[in-house]
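1 is the number of the first residue of the sequence shown in the working numbering; add one for each residue after it. We treat Cβ as the ideally placed atom computed from N, Cα and C, and that holds for glycine. A quick note: this is a predicted structure, and the numbers were derived from the prediction, not measured.
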Amino acid sequence: MGTWVIKAALSVANDKTTADLIRLPTETRNELDARLEKVAADVVTANPTVATAAATAATAAVGGALATAGVVYGNSTGTGIDPSTAVAGFIGDNGRETDLVVDAAGTVPEAVLARWAPRLNGLTDAQVDALSLNGRNLFVQTPSGIVPLSSSNAALAGWGDSLTRGWPVPPFGASGADSWPGVFQAGWGGTVYNGGVEGQTADEVAIRQGGYVALLTTASGSIPAAGSVQVTTGQVFAWYVARVWSCVGTLAGVPGTLSRAAGSTQLVFTRTASGTAVPVPANTPFISAAGEQQADAVQVLFAGRNDIGFTSVAGPVVDRVVLAHLAMARRAGPHRRRFVTVGTTTATDEPRGSANHTAVTAINDTLARLFPQNYFDLRGYLVTQSIYDQGITPTAADLAAIANDTLPPSIMTDSIHYTPATAATVAARLKAFCITKGWLR
């Protein structure tokens, strides 16, 4: 049997959960643990007087430490429970806290709701305000605009890097016809958009897809009548600085291209056509044209390979790739919810136990937990089955790779990129997944 306890803040005595929820530095977490040790013995008690006193003491200890750490409650800078209010919680048989927590008002604390949100998979993200019939789809009015109530069953968009684009060229053709999106469309009556661009991080893909929206400010406060203007953003993205990046879209309603040169983080907006100067308020959203055009399609999210082994100020690799996929998944929902997330793949020289293998599997495992109905284990398929679906007899090197839980060399053009024949098996498996779900005709 578990134990009900009176607590001052959720997870303050659990180092890992505290780090996940309120991201405190180690020294602050240690200070919290030290302060709570003094009242922990009295917290678990059936004596109301002792429990109340313990809760008050814990509240003061936690509140002081969290205030010192600069944690702000009730907004995006902190997800902890208000330390001024004691709560009740249930500790399971394993000694770990559960989600059975209430605050003094009898409501579920925001920190618990924050943990529940990803599990709901977008089901509660927006309220339906109005419906209208437009062609084959019903559209819904949400605070972010009008979006389809359900995805088209005749359109699919693949978002990713070179593993979606089809790389290198050759053996893949410049047209992308033998990439997995190209093969997917060739054997299907619908349309498939290839949103793969080689060399891009998950963040860079997410901006093009529309999951991340760059908020831009121009130095002059306007877009000039012609040409380009430098823009800045207070957001931190994982730019692969050594490579160029660009995205066609609109800024303050003006069509143009947002770009970044190789070796620079400076963003530039270049308008498509001359016109009149247009005022641009600070933090104006840049809207991806492709993201808008493909919003009605079933989304395949396949990004993160270029993040593996790449250090960025945007944060640890696993965190930033998962967050980018979360953003893209939200772009594909909440009403449609027809998306596939596959994470990314290991290279042939990244066996089980290597740092990169650990990062990739951590990303994929997290996505599988977040989106159990939308996750397809593409890496697992490529490791164990694609070689046989192609009729290839595994070599000793292939068998060794499979035994080490990574992709066999015979299905690859190099250590990271697979062959056109392998891309065809990827297309077949993704198509089967989507049809089984009832998302495509």
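Val254: member of the beta strand (DSSP E) spanning Val254 to Arg260, first to last residue. Under DSSP, Gly158 forms a beta bridge with Asn194 and Val300. Your pair Val342 and Phe376 checks out as a contact, with CB atoms roughly 5 Å apart and the cut at 8 Å. DSSP places Gln293 within a helical segment (H, G or I) once states are collapsed to three. Taking C-beta separations shorter than 7 Å and ignoring five residues to either side along the sequence, the partners of Arg305 in its chain run Asp161, Leu163, Thr344, Thr345 and Ile416, following chain order.
Closest in alpha carbon position to Leu323, among Ala174, Ala202 and Arg243, is Ala202. According to the DSSP secondary-structure assignment, Trp245 is paired through a beta bridge with Arg260. Burial check for Thr348: the Cβ neighbour count within 10 Å reaches 16 or more, so the residue is buried.
Taking each of Thr276, Trp245 and Ser264 in turn and checking the Cα distance to Gly227, the smallest one comes out for Thr276. Contact fails between the segment 264-275 and the segment 174-189, because fewer than three Cβ pairs, one in each stretch, are under 8 Å apart.
No Cβ-Cβ contact shorter than 8 Å links Gln235 with Ala252. In this structure, DSSP gives Thr270 an extended state, which the three-state scheme calls strand. Judged by DSSP secondary structure, Ser386 falls within the alpha helix (DSSP H) whose first and last residues are Ser386 to Asp389. Rounded to whole angstroms, the gap between the alpha carbons of Pro181 and Gly195 is 9 Å. Bounds of any beta strand (DSSP E) do not take in Gln209; it lies within the alpha helix (DSSP H) bounded by Ala202 to Gln209. If you look at Gln230, you'll find it isn't in any alpha helix (DSSP H); it sits in the beta strand (DSSP E) that goes Ser228 to Thr232. When the Cα atoms are used, Arg260 and Cys247 turn out to be separated by approximately 9 Å.
Scanning Arg369, Gln373, Ile308 and Pro316 for the CA closest to the CA of Phe339 turns up Gln373. For Ile363, the enclosing alpha helix (DSSP H) has its first and last residue at Ala355 to Leu370. With respect to the 8 Å criterion, Thr422 and Ile411 are classified as neighbours on the basis of their beta carbons. Between the alpha carbons of Ser264 and Tyr212 lies a distance of about 20 Å.
Between Phe184 and Lys431 the beta-carbon gap is near 6 Å, inside 8 Å, which marks them as a contact. Between the C-alpha atoms of Ala314 and Gly199 there is a straight-line separation of about 17 Å. In the displayed model, Phe310 falls within coil according to three-state DSSP, outside both helix and strand. Between Thr233 and Thr393, the alpha-carbon positions lie close to 52 Å from each other. Distance from the CA atom of Ser288 to the CA atom of Gln209, rounded to whole angstroms, is 7 Å. One Cα belongs to Ala157, the other to Pro420, and the distance between them is close to 19 Å. Thr425 sits in a helix when the DSSP states are folded into three classes.
Rounded to the nearest angstrom, the gap between the Cα atoms of Asp296 and Ala155 is 8 Å. For Phe286, the enclosing beta strand (DSSP E) covers residues Thr284 to Ser288. Annotation for Ser312: Ala238 place their beta carbon closer than 6 Å to its own, counting only its chain and skipping 5 residues before and after.
Residue environment for Ser179: buried (at least 16 other C-beta atoms within 10 angstroms of its C-beta). Here DSSP, grouped into helix, strand and coil, assigns Pro279 to strand. In this structure, DSSP gives Leu430 a helical state, which the three-state scheme calls helix.
Under the three-state reduction of DSSP output, Leu163 falls in the helix class.
In the DSSP assignment, Leu251 is bridged to Val254 and Phe286.
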